[in-house]
Amino acid sequence: MANRRQYKHRRKWTDQMNEDLLSCKREAVAMTQMEQPPLDGNSKKKGYIKLMKELWDAKGYNDLGFSTQNLRDQAARLEKSLELGDSRNVSRDSVAINQTIYRS
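Numbering of the sequence shown is given in the numbering used here, commencing with residue 148 and proceeding in unit increments.
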């Protein structure tokens with residue numbers, strides 16, 4: 148039992164962390180689309196994932212130890228859930244409108 152692997156504890160994403168992550172992603176994507184995007188040390192353009200990680204760390208989350216891949220995956224999950232949530236709301240609204248039209 149002494150040789151058990153030590154796993155990192157799973158971290159709970161708070162609403163604030165999710166909001167900050169999405170704002171970092173939006174800002175990073177906007178920065179990559181500028182006329183003069185930020186450059187790496189080797190004069191190549193920085194990708195949005197690297198910029199997103201830098202912005203994330205600047206907000207004070209660097210101690211959590213999330214990888215760039217983890218941040219990208221979480222942002223994609225959030226965006227997908229927002230899209231699904233929006234489409235569900237639209238379909239509910241259209242059903243409500245249709246019901247009121249037929250009742251009239």
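We treat Cβ as the ideally placed atom computed from N, Cα and C, and that holds for glycine.
Between residue i and residue j, which are expected to be in contact by the criterion C-beta below 8 angstroms, what is the C-beta distance as a whole number of angstroms?
i: Ala175; j: Leu198; result: 4 angstroms
i: Leu225; j: Leu186; result: About 28 angstroms; that fails the 8 angstroms criterion.
What are the boundary residues of the alpha helix (DSSP H) that residue i is part of?
i: Gln163; result: 162–179
Quick one: grab the DSSP three-state call for residue i.
i: Lys192; result: strand
Count the other C-beta atoms from every protein chain shown that fall within 10 angstroms of the C-beta of residue i, then say buried if there are 16 or more, exposed otherwise.
i: Lys200; result: buried
i: Ala177; result: exposed
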